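Have a look at the structure below, then the notes.
Take a look at the structure:
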């Protein structure tokens, strides 16, 4: 855990240069616009420790899988997020000496990520080995408005000298993935040109044949007396050096405009042309105007999704950082894209899509974005259905059973630990549940018959084959699974997974009933070779006869068979210095312990809370929460929501802070690899579903707000079925502002109230 | 499964050259002498598919571990059997054309491994692309008498031409391990010299700093009119070309002598000197004399360890092949060595020592070799105790608890699948049991207090920490283990493992009691910081309160918790074409199935058979045998022994054949990687403990022979407490010949009989 980021409501600020934290800051200060993004690397040369990272949405590479011991069923290749062209480079030289913060004496270093307006700014004074002192202010953004464009204004003041200078902007496609399994380079040069004006490299990926053209233009303003430009090319690399002379105390600024154009959106033979046009247009518009329209778009974003917390700057900064990252990672315009676990902030982990999307991220986009955005997220899985069926076939399932991959980029599995790839199958449940979630929130009933049921049938078929009848128990059981708690592997009858399976079967049967006899259903049946009653009767039989572990004496659901045979301890019993256990204990010790990585049984109770009375929820919470180490970033939010529900305000606040400031405080000591982007949506959930007690039940909105003692108040906005609502809690009052021209009935603490059109309703906080 | 090896009682014979089987034959026809050995590669250049392999005993390299996903506790490096200098090379050229069976037309190809006399012979006629025809007979052996020396007589006859010839013997240290994780070469050249006489390369390994000098000399006899020699050197390589002319129809022979001298046995600065002396001496003695003394040694070997089977050539050849491999892999002269899973026949799998040594190989060496040989095998583990304690500490165990590695070369772990490395801990039990086995067989009672107890205390401490008290069960349980059946992972209360743990505690307590109050025990207690009653009382408490699964209704022990909840099927229910399941099913399907890779519960019943009545054994056999797929080479022998015990003659014979001809018939389709050396000892057990019903109970010998219907008779020899015994079964009679000058009381079918000194006793077969 670190504490070097300044607390500020709207900005992430680092003051003073700490080289050993540089890679952490590179992650935290990352910027993106949904189409491309990158880590907060320096523009000028830096010979110190850095993880250079630039990523173009949807562009991936299937790296050869690396394992110690092969298991049947592993994928041969893994789709990896691909490190793409470094377009930010601007090398700076004075009288032959290169500016490099690793060799200079650095003072007044400041890095700021302005979240409200979406740009990155860095300033510093550097004394170079020769004694020359320069001061620099650089501003960078990836335009939210012109989403192919990145721009930089790099302002330099020679503080104590006049002399010759060279500035060298570049585009560098000669990059490697830090996580490449066999040190392979994944890009092949196709075309390049270094010129005084537009310079570019176009490269393509091996195997997947994505093509990307990255080009640039720049001009220098201020006190720089130019003596001309020299273009220069190397393998997959172009640069242009502009030489000149500079004067003591007089600033000059390099304006660099770059564009990333990918074959995801344009024909290959158009890429260079489009790139040149985009760069030319950006350069013509100019940095300030580009930045102004970009800022305005960000401000607009905040209107939809901001959460204001009064009286707690750390919490305020945390939630805004989470919302900022989500909004710059995924804009929902392209249903081929998804929310990578590290967004555009790093390349660790193959693939980009986990169950995180459905179980955590969806809630945020449902509430803060246009319905199309969430729809694209659920459609993403619909488009991958054929591959999910192939994936299941590879494991021995038949007849259209679908197993979605644990991690994916294009529908294929990108993970190879047997205990996860083959066993952490509850992901299938989350994908099914997301269909319900989307329809329930936005009321898009047609989605079920048009797309949802086809996916639900595939998943139900999988569950029906994945359970087996146990003669011994006289019930169906599900063996060999790994629940959300990955600190248990290959267990039998994981309550959460079995519960998800049963829910899927039930919801699918409901859907089939709803559209019984319809033409659409008939043609769906044809499409999926549905075997009618043979299938539905099996599903019903499973629903009636499935084993779910429950302990009468303790009154708790059993995470898995024999869970109670463990040595049951509390997290407080772990010796000091042993946490996180995943960094201090051997894997075998972790597995045998009772400690839970992330919400597992409680994840199911959270999802299906209305099935249980409050005492049951309480008993389970009190049983499992003390054993939960929350070593997954996805865990605290769920416990926080339940704690809020149970009125455990201190626990709810503790859990909230832990998720909200995970990366800012480098809580898990791994932010240098990139931010925990998907779990950021969990922070939003911990707030909205936790403190605000927001639910959608049968298409109707419920709130049940509470206010942590540490806060004076909060307010936030959501979209719900055509309405824009502002919800605030302060001074013992809840106020719902209905900004749309249609009234809305909703429930406050289970009491029906009406938020009138363009009006508001207030009630007292309980 | 293949069937190209000719059936012959004393030889392994291949007739006709089948290039696609070449790598299989290279494994099967391997030769070794306990100190070095290698695959049956060709001497002359071969451009076809080949796995070149030469191995020097005890020389290993710690390769960097490769995994997909790191788990805490994995070893950073893996000791690997090291491919060493290729000393057999003799390139042959006529008028500038190189002899290469991959480009020639080959006829009359014959490869023979003469097991009785321990040499490899290959003959063929080759028509080279030019039309030249040569016929070759080459004989090779690694001397059992001068165990640093390998020798080759390579006889060539130009069939249809006279002309110029070049012969080029070489020593090539520029080799790679086929299983290198990062394509690294592990040898560094230290010194070399190519000369007309003695030529050599000395190389050392990186990190481990083993040094090996490999040198050669050769001379040419017969119709070769020499025009002189040209030495030639390359990186890690020396060769000497002798040019000359040859005559149609007149044979010449190259005699090549090589020595491998390693720093395991000599100072580094002596290696080249010793190598030169050894080669000179061999060359002086000459090929024929060297071969004669080598043959005599092999014949002598067979006197001790042969098994004669009458009326079944396939079975005869199988058992002799197994015995031959064991005898050429391990001679028991050096307690630093052990029996690698592939012996000198291949390099797959890191490390060399598995629990195979204790659970399978020991029985063979106990019965057929001098007591020192088995003693060295148990001492091997004694010497690794400190590392086993370190290994356990790495996993979180304390206070001198010892966990021996799953696979090792030097005491360190060489395996990295968590479900095996951390969980397949029953190996610790086999290592404990071997101490008992050795003492029980040879009566070396002092071994217990001098060495055995120290190991037993370490292992008992491990078990005492590895179980935990389950409040729920009110008993001790052992969670998170993998039994011998690796088709189950991370199970609770594996009956076999728990049973081994209990046995260890009991035997350790017995040992402590036996030496109670003795000075030796006191100093042992000091050495291991024994905490007296605190430790022994805990062990006794575990012995009294350990959970062992048993199903009352079925009357069977439970392989693990919830085993009966599985869908119980028979191997016969597996669809045709789906076996072996490990090549046809996904890992997850295998895990969830009831199918058992190798004897697990039955392994325990086999070990502790005297605890159970015959009905119990029968019930368990009839329950587990039909679910066992025997996809480990170590499995059929144990089922065979139990089948013999139960009088299931057909099953016993089926199991026996399966283990005896595993490699000869390439049963598992993987012999090309090397032979299954350790499981060969299982074949011996299936014979001796199965058909002959041999047991040692409280230091006394028992036989309970039966004869498969397919055989006319059998006889074999064992050593037992100073006696050499010949046991034969034929014509309804069992005869025990006591070849020593001391009578022996023993039990036949539980009846006491006496085998008089230098006399014999016969009884009727039951």
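Protein chains in written order, with this note's numbering: chain A, 1 to 766; chain B, 1001 to 1766. For each residue, glycine too, the CB sits at the ideal point set by N, CA and C. A quick note: this is a predicted structure, and the numbers were derived from the prediction, not measured.
State the Cα-Cα distance for the pair residue i and residue j, rounded to the nearest angstrom.
i                       : j                       : result
residue 730 of chain A  : residue 765 of chain A  : 9 Å
residue 1099 of chain B : residue 1112 of chain B : 21 Å
residue 1253 of chain B : residue 1081 of chain B : 33 Å
residue 1015 of chain B : residue 1022 of chain B : 12 Å
residue 1709 of chain B : residue 1689 of chain B : 18 Å
Output, in chain order, the set of chain B residues within a Cβ distance shorter than 7 Å of residue i.
i                      : result
residue 284 of chain A : Simply none; closest approach about 49 Å.
residue 470 of chain A : 1565
residue 473 of chain A : 1565
residue 66 of chain A  : 1066, 1068
residue 73 of chain A  : 1586, 1587, 1588
Please list, in chain order, the chain B residues whose beta carbon lies closer than 9 Å to that of residue i.
i                      : result
residue 591 of chain A : 1418, 1422, 1423, 1479, 1480, 1490
residue 561 of chain A : 1492, 1561, 1562, 1565
Determine, using beta carbons only, whether residue i and residue j come nearer to each other than 7 Å.
i                       : j                       : result
residue 1202 of chain B : residue 1258 of chain B : no
residue 671 of chain A  : residue 27 of chain A   : yes
residue 1412 of chain B : residue 1381 of chain B : no
residue 256 of chain A  : residue 218 of chain A  : yes
residue 345 of chain A  : residue 632 of chain A  : no
residue 1432 of chain B : residue 1459 of chain B : yes
residue 438 of chain A  : residue 678 of chain A  : no
residue 1635 of chain B : residue 1583 of chain B : no
residue 93 of chain A   : residue 166 of chain A  : yes
residue 476 of chain A  : residue 542 of chain A  : yes
residue 1496 of chain B : residue 1601 of chain B : yes
Is it buried or exposed, residue i, if we count other Cβ atoms within 10 angstroms and call 16 or more buried?
i                       : result
residue 1520 of chain B : exposed
residue 776 of chain A  : Outside the displayed span of chain A (1 to 766) sits residue 776 of chain A, for which this structure offers no information.
residue 1741 of chain B : exposed
residue 1423 of chain B : buried
residue 49 of chain A   : exposed
residue 1200 of chain B : buried
residue 1569 of chain B : exposed
residue 1236 of chain B : buried
residue 697 of chain A  : exposed
residue 1320 of chain B : buried
residue 1640 of chain B : buried
Restricting to Cα atoms, I'd like to know which of the options is closest to residue i.
i                       : options                        : result
residue 661 of chain A  : A:214, A:228, A:323, A:490     : A:323
residue 1189 of chain B : B:1198, B:1475, B:1177, B:1214 : B:1214
residue 1687 of chain B : B:1697, B:1024, B:1655, B:1389 : B:1655
residue 446 of chain A  : A:349, A:613, A:518, A:250     : A:518
residue 178 of chain A  : A:276, A:210, A:95, A:52       : A:52
residue 701 of chain A  : A:723, A:680, A:713, A:712     : A:723
residue 1616 of chain B : B:1296, B:1646, B:1356         : B:1646
residue 1586 of chain B : A:1, A:73, A:244, A:32         : A:73
Taking C-beta pairs closer than 9 Å, name the residues in chain A that residue i reaches, listed in chain order.
i                       : result
residue 1394 of chain B : 586
List, in order along the chain, the chain A residues whose C-beta lies closer than 7 Å to that of residue i?
i                       : result
residue 1069 of chain B : 417
Any heavy atom of the ligand HEM closer than 6 Å to the CB of residue i?
i                     : result
residue 41 of chain A : As presented, the structure is devoid of all ligands, the ligand HEM included, so that no description of it is given.
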